[in-house]
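Asker: Residue numbers for the sequence shown follow my numbering, beginning at 43 and rising by one. Every residue, glycine too, gets a C-beta built ideally from N, C-alpha and C.
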Amino acid sequence: MQTKVAISIRWTSAPLAILLTAGFALASPPEKPKTEPVAEVKTGGPPVDRQGDPLPEGALARLGTGRLGHGAVICSIAFSGDNKLLATAGFDSFVNVWDASTAQRLLHVSAANFRDEFNVANVALSPDGSCLATAWCNSPPELWDVRTGKKLRAIGDTLCRGSRVQFSANGKYLTISAIADGTKSDNAETETAVLVEVETGKVIFSAEGKLLMLPDAFIHLDPHRPELSLRKLGDKEVSIQFTGHEGSVNAAALTPDGKKLFTHGSDRTIRVWDTTTGKELRRLDKTPETPCQLVPAPDASSVLTVVGYASSMQCWDVTSGKVRWTARMDKDGFVQAKFLPGGNTVVTGHGSGRLRQWEVSTGKEQKVVRAIFDGTISHMVLSPDGKTLATSSNQNGMNQKVYLWDAATLTPKAVQPGHTQQIVAAAFSPNGRIVATSALDRTVRLWEPRTGRLIRTIETPTNACRSLVFTPDGKTLITANGYSVEGEVRFWEVETGKEIRKFKAHPSGRVLLAMAPDGKRLFTGGSDDRFRCWDLDAFKQLGEFGDEKPSGVLRMALSPDGSTLATAQMDGVLRIWDARTFKKRYQLMGDPRTYIGAIAFSPDNSLLAWSDYSPGIRLTDAASGKEVRRLPSPTGSFDGIVFAPDGKTLAWGINCHYRGVKNVVGVWEVRSGQLRRTLDGSDGPTLPLAHSPNGALLVTAGSDCSALVWDVNGRFNGKQAGGIASPEKLDQCWRLLAEHDARKAFDGMETFTQFPEQGVARIAEDLKPIPPRAPAEKVAALLRDLDGDSFETRETATRELERLDETVVTDLQRLAKKSESAEARTRAERLLKRMDAIRLQRERAIEILEMIGKPSAVKLLKSLADGQPDVPLTRDARGALQRLNAKK
């Protein structure tokens, strides 16, 4: 069960720096089972995925799983003391609690009010797992009941914003490393150590520096003094002082049993202390000059010093005071190090995304595992029993998942089906029965879209595939790598998953793909700023084009008829090319401060939708480049735009972690420019990737390494259960179809689909085929009569023109623009306004008939398709019939 808690929060400015370090593959990341276990299909109750986890409203299936997928870059991981629970906190201001054995999410604490800055800084679980502590960047820390999800209390100094929290071993106290407000000091930020009583929230100690907890005492490290002090819990006076360093102490760590204290000072010494007496037991000289991670072995016989920026780790023998061995990782870097139980093995995490095991006695590297492709290990936490390692990684802000490992063997634990890194591309097969997804884990997976069943996994060598297309016959899948050195395009047999061909399309780097509708031409765009057209029958290059100015290829889209290619590069310019002559037709300048994040052609080739990260989606005339409309939006952070196959709607995704915008996919009506509905299924950025050929399904990728398959029109919502709708209800829904408000109209559309036979009959009452066009002389006479001498003449002409319907729209538009008569212009404008509402109503009605798809609906569509050929209603009906026939 998931509990969602809304909380009010404040934010602080904290820029996020992300460093990616490239590396070569030594071992694969956690791989999923080749054959996915089939979960029992549950009937009744809320819909669930194949793992038994709830699906959001409107979703049919989940491809893979969202378990351990946080939804944003993870900034903190913590185990409970009993090893059963795992908590994660992210820059999205969410906190999740997971079952450490099954990876199922148990609790979701969400912020009700987003701000323009990051919030969650750290998280901790009490030893028994009953209590959750959250440290917010710009508000007091808080305690939560894990079982109920209720907030217990805010704790600590209200002038402090917490950066780290940790429970004492008995769970009665909480230490907070906070950043003081700074308003009463010359220092803008000063780290403060706070000790709080959990039951009451009372602050019992507060001072600059850091705290280390013992079962019945705490040790205070003052950054301005050379000694540390120990106080018994409940006592105000110092019991023991650890004195000996010459200069400040910059690091301190306790052994797991709390009996030994290790400190590192600016005097370049490490000192080992007895915590019961304060006596100095050992001194190690000539240690690193700079502050370092200090990691003592469980038995205190060894200690590690890790200097991350210097990419070095030293293992010291405490008895002799000598360095046992030194490890340098100039390319990989060191992020964190942990001793395993027994003290004979060390595990390290690296900037290259690798995990390593080291033999403590010799410094010999025992094992290397690739934890993640093309990213860095950002956090590495060992469970209290030392058996489980939890890691998270940073991959340019894209990989937002926790991975669990057996600490002794570095093999994956709680293995989940599906992709192990974020999905970046998807494509439906031409018959709509297969959807292919590619992810940063260097795999392509084939799925049954309506059930989420994994059909096949294809491992792509070298690098992640960021572009993929099916051939028109659906037998071959073509993929191109994202950032590989080869610049290759590969062909895979869908039936077997075998690679059947490859060729080098560009010298190196990222390659984008676009397939011509006849399947004979393939367009590629590469990091060399060149675009190429290939003959797939002869596998030869037909043409090459591109601007001379290098700027890096970002996006590429081919019009459905294969005549026009749109390309976007890092210079923020959208270029439109003739796809047969390879000549540039025109170019459009986006916001020069950003770049173009998404491009899509409408199915009829008339519109080009694109986003340059300024607010709104631009709709331009594909032939001329003239802007037709700008769809409003709360942010410009779009990385995906997908038109529905009928061209009536488009889906966009907001790619935003923290800018005060809910991460959803929006479905917009192209004609009205109104938001029809939102699909809310992910805690983090959600991107639309592909529509099924018949338009019924939409695949969106979340930042949790899974994808959702949506019933985008409500066609498969299971609500067609019969029953009778009142005529008044259906009349009301028919009127709703003419509403400018697309959300209200969609409510009416859903009602019609819930009562399909009644709905078709009601639509048939008002939706008739458009009659043949009237003779031109008659139309001209009626247009003249709009300015007739008598009122009756003008009224009669108005009624007759309205009866002629869509066949006279062009004539009325011309009259409204050019007539010298104010009366004629006014009447023409009124007619056009009424016709526009009727046109919108009819367009939505055709969508309803296609959604229903029953024989009665098909019969009505055929009748409408026999109307005047060159008007929208007739074209829409014919298009719906074609899509329904293609589905068979």
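Since F415 contacts Q463 with CB under 8 Å, what's their CB separation in whole angstroms?
Answerer: Contact flag correct, Cβ pair sits at about 7 Å.
Asker: Can you say whether G65 is buried or exposed, counting buried as having 16 or more other CB atoms within 10 angstroms of its CB?
Answerer: Interpretation of G65 is limited by its pLDDT of 29, a score under 50 that renders its predicted location unreliable; the figure taken from the coordinates is listed afterwards. It counts as buried.
Asker: Across the stretch 560 to 568 and the stretch 535 to 545, are there enough close Cβ pairs to call them in contact, namely three or more that are closer than 8 Å?
Answerer: Contact between the stretch 560 to 568 and the stretch 535 to 545 is absent, because fewer than three Cβ pairs lie under 8 Å.
Asker: On the DSSP bridge assignment, give the partners of Y628 in chain order.
Answerer: According to DSSP, which records beta bridges pairwise, Y628 is partnered with I618.
Asker: Buried or exposed for V280, please, with buried defined as at least 16 other CB atoms from any protein chain shown within 10 angstroms of its CB.
Answerer: Exposed, by the Cβ-count rule.
Asker: Would A506 be called buried (16 or more neighbouring beta carbons within 10 Å of its own) or exposed?
Answerer: A506 should be labelled buried.
Asker: Spatial neighbours of I500 within its chain, please: C-beta separation below 7 Å, excluding the five flanking residues on both sides.
Answerer: Answer for I500: T485, V486, W534 and G539, listed in chain order.
Asker: Is it the case that the Cβ atoms of P338 and T404 are separated by a distance below 9 Å?
Answerer: It is not a contact, given that the beta carbons lie outside the stated cut-off.
Asker: Please confirm whether L482 and T433 have their CB atoms less than 9 Å apart.
Answerer: No. Outside cutoff.
Asker: Could you check the C-alpha separation between E250 and S290 for me, to the nearest Å?
Answerer: For E250 and S290, the distance between alpha carbons rounds to 13 Å.
Asker: Within the continuous beta strand (DSSP E) that includes K193, where are the two ends?
Answerer: Segment K193 to A196, the beta strand (DSSP E) holding K193.
Asker: Are the beta-carbon atoms belonging to H287 and D309 less than 9 Å from one another?
Answerer: Closer than 9 Å, so yes.
Asker: Taking the runs of the beta strand (DSSP E) that are 3 residues or longer, which of them lie wholly in the stretch 486 to 565?
Answerer: Runs of the beta strand (DSSP E) inside the stretch 486 to 565: 496 to 501, 507 to 512, 518 to 523, 530 to 535, 541 to 546 and 553 to 557.
Asker: Quick one: what's got a C-beta closer than 7 Å to G375's C-beta in the same chain, skipping five residues either side?
Answerer: Only T63, G350, S353, H392 and G393 meet the Cβ criterion.
Asker: Give a yes or no on contact between the stretch 802 to 821 and the stretch 898 to 916, applying the rule of three or more CB pairs nearer than 8 Å.
Answerer: Yes: the two stretches touch, three or more of their Cβ pairs being nearer than 8 Å.
Asker: Measure the alpha-carbon distance for E23 versus K860 and round it to whole angstroms.
Answerer: Lying before the first or after the last residue shown, residue 23 is absent from the chain, which here runs from 43 to 930.
Asker: Measure the C-alpha to C-alpha separation of G658 and L873 and round it to an integer number of angstroms.
Answerer: Each residue's Cα considered, the two are about 30 Å apart.
Asker: What span of residues does the beta strand (DSSP E) with F260 cover, start to end?
Answerer: That run of the beta strand (DSSP E) goes A259 to L263.
Asker: Quick check: what's the CA-CA separation for P814 versus V913?
Answerer: Using only the alpha carbons, I get a separation of about 10 Å.
Asker: Just to confirm before moving on: does the CB-CB distance between W619 and F643 stay below 9 Å?
Answerer: Contact: no.
Asker: From the DSSP secondary-structure annotation, give me the bridge partner or partners of H306.
Answerer: Paired residue(s): A293 and I312.
Asker: Can you tell me whether DSSP reads C334 as helix, strand or coil?
Answerer: Reduced to three states, the DSSP call for C334 is coil.
Asker: At what residue ranges does the stretch 765 to 846 contain a whole run of the alpha helix (DSSP H), taking only runs of 4 or more?
Answerer: Taking only runs of at least 4 residues, the alpha helix (DSSP H) segments lying wholly in the stretch 765 to 846 are 769 to 778, 784 to 796, 798 to 808, 818 to 827 and 833 to 846.
Asker: Tell me where the alpha helix (DSSP H) around K455 begins and ends.
Answerer: Looking at the DSSP string, K455 is not in any alpha helix (DSSP H); the run it does join, the beta strand (DSSP E), is T453 to K455.
Asker: Taking DSSP as the reference, what is the three-state secondary structure of Q44?
Answerer: Interpretation of Q44 is limited by its pLDDT of 40, a score under 50 that renders its predicted location unreliable; the figure taken from the coordinates is listed afterwards. Three-state result, Q44: coil.
Asker: Can you tell me whether M893 is helix, strand or coil according to DSSP?
Answerer: In this structure, M893 counts as helix in the three-state DSSP scheme.
Asker: Can you give me the Cβ contacts of G801 inside the same chain, cut-off strictly under 6 Å, excluding the 5 residues immediately before and after it?
Answerer: Correct list, in chain order: F794.
Asker: Suppose you measure from the CA of G516 to the CA of P183; what does that come to, to the nearest Å?
Answerer: Going from the Cα of G516 to the Cα of P183 covers about 55 Å.
Asker: Which of helix, strand or coil does DSSP assign to R872?
Answerer: Helix.
Asker: Taking the straight line between their C-alpha atoms, what separation do you get for Q458 and S435?
Answerer: Cα-Cα distance, rounded: 17 Å.
Asker: Going by DSSP in three states, T387 sits in which element: helix, strand or coil?
Answerer: Strand.
Asker: Look up D753 in the DSSP assignment and say whether it is helix, strand or coil.
Answerer: Reduced to three states, the DSSP call for D753 is strand.
Asker: Alpha carbon to alpha carbon, how far is I638 from M631? Give it in angstroms, no decimals.
Answerer: Those two C-alpha atoms are separated by around 10 Å.
Asker: Give the secondary structure of S905 by DSSP, where H, G and I count as helix, E and B as strand, and everything else as coil.
Answerer: Helix.
Asker: Taking its Cβ as the centre, do 16 or more other Cβ atoms sit within 10 Å of I766, making it buried, or is it exposed?
Answerer: That one is exposed.
Asker: Give the range of the beta strand (DSSP E) segment to which T720 is assigned.
Answerer: Where T720 is concerned, the enclosing beta strand (DSSP E) stretches over L717 to L721.
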